[in-house]
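Colleague:
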Amino acid sequence: MGRVYVIGVGMTKFDKPGTKSGDYNEWAKEAILKALEDAKLSMDEIEQAVAGFVYGDSTCGQRAIYEVGMTGIPIYNVNNNCATGSTALCVGKQFIEGGLNDCVLAVGFEKMERGSLTPKYKDRTNPYEKQYMLMGELAGFTTAPLATQMLGNAGIEHMRKYGTKPEHFAKIAYKNHKHSVNNPYSQFQTEYTMEQIVNSPKIFGPLTRLQCCPTSDGAAAAILASEKFVRSHGLEAQAVEIIAMEMVTDLESTFSERSLMKVAGYDMSKTAAERAYAKSGISPDDIQVVELHDCFSTNELITYEALGLCPVGKAGEYIDKGDNTYGGKHVVNPSGGLISKGHPLGATGLAQCVELSWQLRGLAEARQVPNVRYALQHNYGIGGAAIVAIYKLGFPERHNKNIAANIKVESKL
Numbered sequence: 026m027g028r029v030y031v032i033g034v035g036m037t038k039f040d041k042p043g044t045k046s047g048d049y050n051e052w053a054k055e056a057i058l059k060a061l062e063d064a065k066l067s068m069d070e071i072e073q074a075v076a077g078f079v080y081g082d083s084t085c086g087q088r089a090i091y092e093v094g095m096t097g098i099p100i101y102n103v104n105n106n107c108a109t110g111s112t113a114l115c116v117g118k119q120f121i122e123g124g125l126n127d128c129v130l131a132v133g134f135e136k137m138e139r140g141s142l143t144p145k146y147k148d149r150t151n152p153y154e155k156q157y158m159l160m161g162e163l164a165g166f167t168t169a170p171l172a173t174q175m176l177g178n179a180g181i182e183h184m185r186k187y188g189t190k191p192e193h194f195a196k197i198a199y200k201n202h203k204h205s206v207n208n209p210y211s212q213f214q215t216e217y218t219m220e221q222i223v224n225s226p227k228i229f230g231p232l233t234r235l236q237c238c239p240t241s242d243g244a245a246a247a248i249l250a251s252e253k254f255v256r257s258h259g260l261e262a263q264a265v266e267i268i269a270m271e272m273v274t275d276l277e278s279t280f281s282e283r284s285l286m287k288v289a290g291y292d293m294s295k296t297a298a299e300r301a302y303a304k305s306g307i308s309p310d311d312i313q314v315v316e317l318h319d320c321f322s323t324n325e326l327i328t329y330e331a332l333g334l335c336p337v338g339k340a341g342e343y344i345d346k347g348d349n350t351y352g353g354k355h356v357v358n359p360s361g362g363l364i365s366k367g368h369p370l371g372a373t374g375l376a377q378c379v380e381l382s383w384q385l386r387g388l389a390e391a392r393q394v395p396n397v398r399y400a401l402q403h404n405y406g407i408g409g410a411a412i413v414a415i416y417k418l419g420f421p422e423r424h425n426k427n428i429a430a431n432i433k434v435e436s437k438l
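Numbering (the working numbering), first residue to last: 26 to 438.
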């Protein structure tokens, strides 16, 4: 199979629903035009496109991409819950990997309603029914939003099994909010104290409001290309190679082992990571920067272990040592993550790709992680899909990194 490269990326700022001017098609246009400009391409050179969104009518992808040009290309619309953006990227990658195309656009966008997510269709089977019913059997239900209960219960199980403390989850939120101060694309750019995070309104279990991701509006895009296309267009200096990308859906163990962490996607993430490491030939120790699906601080903590960033049961120690931030073993969510950057469902996975591409190219400015060689992306959707991708510079000998990449970023956490 052929190699696949990210050659152009772009995104909008993420904003609170109802506060962003324009509509989803205009946000997608902004992201696509930025990606095209980054890749020094025109829309005429895009052979196929994949559009990801969760809330919207069937051909929103066409309506969004038409803003940039009606070139007659195939446009595929995909929805995989919160993993939608990475799913669009994965499908685009397969088009190139399989030799069908040399240049493909992946775009994700979302226009959301304020407040917690609720079912849109109540006259049919809920796609998360199996997960929620098992969670109810194991832990019961409260009036809190169901997704918050699911991920909160996963954190409670981790506390019970391994002695994790509520402050470990709060420390994750503290870190991500602090990281977001340096991200102009982030919905929130406010640094909070640990006291403010712990004392913000309780939502469920150990989770307070400042440990939960907000609903958001926004868009992100990436242009993918074959090696032949990269070389023929002289884009080696900026090409980022996707050296592995694995999608895993729910396994039997999600339900058979009656674990609240497994119901919340632990085994999907673990399996996707193991396959990505095997395919790429690298280990978690080789990775410098991670964009991880922190819809709640509890999910970030259990996913450290699922991805092999630390041993099972040792996430609390990993956090206490500062191994999840600047100056530590890995920098996790330098963008601020979903908790602070925001979570427009269809755009999230592609925004992770944008951030990691910037990090590898040395273009992340004040949040630049020094000397990035390998980057990992993790995107998760209940019901279910987990996607793990590993990136590196495609042609490092042709790349002159931004000087910021060689500046040591001192941790103040």
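Cβ coordinates follow ideal geometry from the N, Cα and C atoms, glycine included.
Using the DSSP secondary-structure output, state which residues sit across from Lys417 in a beta bridge.
Modeller: In the DSSP output, where bridge partners are listed per residue, Lys417 has Glu266.
Colleague: Mapping the DSSP letters down to three states, classify Asp311 as helix, strand or coil.
Modeller: Looking at Asp311 - three-state DSSP - the assignment turns out to be helix.
Colleague: Decide if Tyr302 is buried, meaning its Cβ has at least 16 other Cβ atoms within 10 Å, or exposed.
Modeller: Tyr302 comes out buried.
Colleague: Pick helix, strand or coil for Ile71, following the three-state DSSP scheme.
Modeller: Looking at Ile71 - three-state DSSP - the assignment turns out to be coil, as it is neither helix nor strand.
Colleague: Just verifying my parser: in three-state terms, what is the DSSP assignment at Gln384?
Modeller: Helix at Gln384.
Colleague: Which runs of the beta strand (DSSP E) at least 3 residues long sit entirely within the segment 181–233? Give them in chain order.
Modeller: Segments of the beta strand (DSSP E) lying fully in the segment 181–233: 227–229.
Colleague: Identify whether Asp40 lies in helix, strand or coil by the three-state DSSP scheme.
Modeller: Asp40: strand per DSSP, three-state reduction.
Colleague: Does the segment 314–333 touch the segment 230–243, meaning 3 or more C-beta pairs lie closer than 8 Å?
Modeller: Touching, yes, given that three or more Cβ pairs across the two stretches are closer than 8 Å.
Colleague: What residue range is occupied by the uninterrupted alpha helix (DSSP H) comprising Cys115?
Modeller: That run of the alpha helix (DSSP H) goes Thr109 to Glu122.
Colleague: Report the CB separation of His204 from Phe213 in whole angstroms; it is logged as a contact under 8 Å.
Modeller: Their Cβ separation, rounded to whole angstroms, is 11 Å, which puts His204 and Phe213 out of contact at 8 Å.
Colleague: Does the distance from the CB of Leu334 to the CB of Pro309 come in under 8 Å?
Modeller: It is a contact, given that the beta carbons lie within the stated cut-off.
Colleague: With H, G and I counted as helix, E and B as strand and the rest as coil, what does DSSP make of Met272?
Modeller: Met272: strand per DSSP, three-state reduction.
Colleague: Among Ala262, Asn425, Thr296 and Leu260, which residue has its Cα nearest to the Cα of Leu276?
Modeller: Residue Thr296 is the option with its Cα nearest to Leu276.
Colleague: Under three-state DSSP, which class holds Tyr157?
Modeller: Of the three classes helix, strand and coil, the one that applies to Tyr157 here is helix, per DSSP.
Colleague: Need the endpoints of the beta strand (DSSP E) that Tyr405 sits in, please.
Modeller: That run of the beta strand (DSSP E) goes Ala400 to Gly406.
Colleague: With distances taken Cα to Cα, identify the nearest neighbour of Glu261 among Lys65, Ala389, Phe39 and Asp48.
Modeller: Glu261 has its Cα closest to that of Lys65, out of Lys65, Ala389, Phe39 and Asp48.
Colleague: Quick one, are the C-beta atoms of Val103 and Gly77 less than 8 Å apart?
Modeller: For Val103 and Gly77, yes; Cβs fall inside 8 Å.
Colleague: Given this structure, state the Cα-to-Cα distance separating Asn224 from Tyr217, to the nearest angstrom.
Modeller: Each residue's alpha carbon lies about 11 Å from the other.
Colleague: Identify the continuous beta strand (DSSP E) that holds Tyr101 and give its terminal residues.
Modeller: That run of the beta strand (DSSP E) goes Ile100 to Val103.
Colleague: Measuring straight from C-alpha to C-alpha, what distance separates Glu135 and Gly86?
Modeller: So the alpha carbons of these two residues sit roughly 11 Å apart.
Colleague: List the DSSP bridge partners of Leu249.
Modeller: Paired residue(s): Val31 and Val129.
Colleague: Is Glu92 helix, strand or coil by DSSP?
Modeller: Residue state, collapsed to three classes: coil.
Colleague: So Pro152 packs on Gly362, CB below 8 Å; how close in whole Å?
Modeller: With 8 Å as the limit, Pro152 and Gly362 do not qualify as a contact, their Cβ atoms being about 25 Å apart.
Colleague: With three or more beta-carbon pairs closer than 8 Å as the criterion, would you say the segment 85–100 touches the segment 140–154?
Modeller: Too few Cβ pairs lie closer than 8 Å, so no.
Colleague: Can you tell me the Cα-Cα spacing of Asn404 and Asp69, whole angstroms?
Modeller: The alpha-carbon atoms of Asn404 and Asp69 are separated by roughly 30 Å.
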